[in-house]
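For the sequence shown, our numbering gives the first residue as 117, with consecutive numbering after it. We put the CB at the ideal spot given by N, CA and C, even for glycine. These figures come from a predicted structure and were not determined experimentally. Read the structure below first, then the notes.
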Amino acid sequence: AVVSTQSTGTSLYESKKVSALKTIEKKDKKLEDINSILAEELQPTLEKLKAERASYLEYQKVQRQIETLTRLVVACKYTRAKDLDANAEQEVSQLEQKVRDLDEQVARSKERVVELTEQIEQLQQTKKSDASSALQELESKMSDISKTVVKARSDLDSVLESVKDEEKERDRV
């Protein structure tokens with residue numbers, strides 16, 4: 117009887133063992149199916165999401181770099197504009213001073229031309245009344261003065277032209 121009980125217990129154990137092995141096989145099969153589904157469907161989606169996340173992080177990094185560089189460009193443009201403004205003001209001031217100087221030079225040249233013209237007239241009157249030797253001497257002086265007047269007028273024309281050029285330069289600045 118003990119042998120039969122043992123044999124019955126052994127066969128019961130064997131049948132439960134077989135049943136448990138079949139259940140394990142079914143569970144392994146389901147696990148393989150789940151792993152297959154994960155590998156086929158979820159793994160590509162997961163990889164795609166990882167790639168998208170990496171792209172998004174790279175995008176954010178590039179955006180931050182763009183913002184930083186944009187700030188630098190704006191700061192550089194502001195500094196350059198400020199420097200140009202300061203330089204332009206200084207140039208305008210210098211050009212205005214130069215125009216004033218040239219205006220003074222023109223006024224002095226006009227006065228000199230008037231003086232020389234008066235001297236020429238006086239010399240011409242004196243020439244008529246003086247003797248021949250004095251006449252020749254005065255003609256020589258008159259020739260010198262005429263040359264000086266021509267030179268003064270030439271200088272005046274040159275100065276006037278310089279004033280015009282400076283005014284054009286000032287207006288352009």
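{"Asked": "Who are the near neighbours of K177 in its chain, counting only those whose CB is closer than 7 Å to its CB and skipping five residues on each side?", "Found": "none"}
{"Asked": "Please report how far the alpha carbon of I140 lies from the alpha carbon of Q181, in whole angstroms.", "Found": "56 Å"}
{"Asked": "Under 6 Å Cβ to Cβ from I236, same chain only, skipping five residues before and after it: list those, please.", "Found": "I261"}
{"Asked": "Which word fits V275, buried or exposed, when buried means at least 16 other C-beta atoms lie within 10 angstroms of its C-beta?", "Found": "buried"}
{"Asked": "Report the rounded CA-to-CA distance for R286 versus V230, giving the unit in angstroms.", "Found": "30 Å"}
{"Asked": "Below 8 Å CB to CB, which residues in the same chain sit around Q221 once its five sequence neighbours on both sides are set aside?", "Found": "V275"}
{"Asked": "Looking at V208 and E283, is the spacing between their C-beta atoms short of 8 Å?", "Found": "no"}
{"Asked": "Since L254 contacts L239 with CB under 8 Å, what's their CB separation in whole angstroms?", "Found": "5 Å"}
{"Asked": "What beta strand (DSSP E) runs, 3 residues minimum, are completely inside the segment 153-237?", "Found": "none"}
{"Asked": "Is it true that the CB of L188 sits closer than 8 Å to the CB of S225?", "Found": "no"}
{"Asked": "Between S256, R169, R228 and K244, which lies nearest to L267 when the distance is taken from Cα to Cα?", "Found": "The question names Leu, but residue 267 in the sequence shown is Lys. If we check each option's Cα against that of K267, R228 comes out closest."}
{"Asked": "Which whole-angstrom value is the C-beta distance of L218 and S278, which I expect to be below 8 Å?", "Found": "6 Å"}
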